[in-house]
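Take a look at the structure set out below.
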Amino acid sequence: MAIPDLIDRQFGIHGQAMQLRSQRMALIASNIANAATPGYKARDVDFAAALKASSNRASGSPSTSFATALRYRVPVQASLDGNTVELATEQTAFAENALHYRASLSFLTSRIQTLTTALKGE
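Counting in this note's numbering, the sequence shown runs from 1430 upward without gaps.
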């Protein structure tokens, strides 16, 4: 059995999910940072589509999957200067993404501790 297959079997999609969630956090942070930039178009990623593409080995890396799943956010009420960032929406998306990131991190930490304990024979 190849090492990548063994890692996938032990950790599932959580490693890929964390990488994608990290990229999404950076994207949302960029949206927030540009909230006052005239003409800035807020973007987000279709996370489910990116994760599905990332888990398909033929599609390449999570970075490639992330880039193909990028979408522009449709604002509820666009500003007069053409900026589509809605701060409340971005903050909510950031908090939700951070929560999911932390859940994957907790799973991986627990899994690694279990494997370490098994290897030590405790």
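Where is the CB? At the ideal position from N, CA and C, for every residue including glycine.
By the C-beta density criterion, Q1520 is exposed, having fewer than 16 other C-beta atoms within 10 angstroms. The Cβ atoms of M1447 and Y1501 do not sit closer than 8 Å to each other. With a contact defined as Cβ atoms closer than 8 Å, R1540 and L1499 miss out at about 30 Å.
About 6 Å separates the beta carbons of R1450 and N1526, which is inside the 8 Å limit, making them a contact pair.
Under the DSSP definition of a beta bridge, L1499 partners with V1474. DSSP places I1457 inside the alpha helix (DSSP H), whose first and last residues are 1443-1462.
By the criterion of a C-beta distance shorter than 6 Å, A1478 is surrounded in its chain by A1498, once the five residues flanking it on both sides are discounted. Residue state for N1526 is assigned as helix, using DSSP reduced to three classes. For the pair H1443 and S1508, the CB atoms are not nearer than the 8 Å cut-off. For Q1542, the three-state secondary structure derived from DSSP is helix. Taking all protein chains in view, the Cβ of V1505 is surrounded by fewer than 16 other Cβ atoms within 10 Å, so the residue is classified as exposed. With respect to the 8 Å criterion, V1514 and N1460 are classified as neighbours on the basis of their beta carbons.
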